[in-house]
Each structure stands twice: as structure tokens, then as C-alpha cells.
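All you need for the working numbering is the position in the sequence shown, starting with 1, plus 106.
Heads up: the structure comes next, in C-alpha cells.
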Amino acid sequence: MLLIAFDVDPEVSDRMLEVFCSDLFSLGLQVDLLVVSAFEGNYDPVPRTLIGHLFEECQLAVGNLPRALDLTQSPVKAWVTRSLQSLDNPPCWPEGQRHASVGQQ
107 MLLIAFDVDP EVSDRMLEVF CSDLFSLGLQ VDLLVVSAFE GNYDPVPRTL
157 IGHLFEECQL AVGNLPRALD LTQSPVKAWV TRSLQSLDNP PCWPEGQRHA
207 SVGQQ
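Written out as C-alpha cells, the structure reads:
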């Protein structure tokens with residue numbers, strides 16, 4: 107279910123941030139980055155959580171991902187990964203549009 111969508115940069119057509127409430131993998135989206143909202147240091151891949159699913163399906167250890175923007179000390183309490191395609195071993199996402207993913211454990 108789409109919760110909210112907004113343009114990150116209105117001058118560029120493909121700079122949209124969409125926030126979904128669903129199983130990321132059932133949506134068939136290709137993800138460029140992750141916005142992670144979880145207790146700092148609590149990124150264990152627990153089954154039936156987004157962080158667990160990312161580890162099981164893509165071998166992504168969320169706690170080890172490089173951060174492009176750290177807002178953990180702000181009221182937002184979240185951080186944004188660098189482009190996942192820039193990783194040494196980028197994940198294989200289902201074919202489809204590129205999106206950002208917001209995850210909460």
C-alpha cells in the first residue's frame with residue numbers, strides 16, 4: 107500500500123520518494139537506496155522483519171551498509187544508505203522501477 111509519495115527534486119522527473127507499507131519483495135520494485143529507521147545498533151536479521159528479509163533474500167547486512175546521510179541523532183532517528191548499486195556486491199532486485207525503500211524494524 108502506498109502511504110505517501112513526493113518529489114525530491116521537482117526539476118527532475120525520476121527523483122520521487124515513495125513510502126510503502128508492504129513486503130518490499132512482493133511489490134516487484136527495484137530499490138536504489140534504503141532509508142533505515144531502527145534502534146541504533148539493532149540491525150540483526152530477525153526473521154519476518156525487513157532487515158531479516160534483506161539479509162535472507164539479498165545477503166545485505168543492513169548494519170554494515172555505508173551511510174550517505176545520518177539522521178540518527180535528530181528527531182527523525184533514521185539514516186539513508188548510499189546507492190546500493192555502488193556496493194562491491196550490489197543486490198539483485200526484481201525487474202521494475204527504481205524506488206527508495208523506508209524500513210522500520
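For each residue, glycine too, the CB sits at the ideal point set by N, CA and C.
Burial check for Val152: the Cβ neighbour count within 10 Å stays below 16, so the residue is exposed. Ser143 is the residue among Glu124, Gln136, Ser143, Val137 whose C-alpha sits nearest the C-alpha of Ser180.
Taken through DSSP and simplified to helix, strand or coil, Gln191 comes out as helix. Annotation: the stretch 130 to 185 contains the following complete segments of the alpha helix (DSSP H) (minimum length 4 residues), in chain order: 156 to 164.
In the same chain as Leu175, and ignoring 5 residues on each side of it, the C-beta atoms closer than 7 Å to its own belong to Trp185, Val186, in chain order. The criterion of a C-beta distance shorter than 9 Å is not satisfied by Leu156 and Leu190.
In the structure shown, Glu124 falls within a strand segment according to DSSP collapsed to helix, strand and coil. Around the beta-carbon of Val168, 16 or more other beta-carbon atoms lie within 10 Å, marking it buried.
Non-local C-beta neighbours of Asp150 in its own chain, meaning closer than 6 Å and more than five positions away in sequence, are absent.
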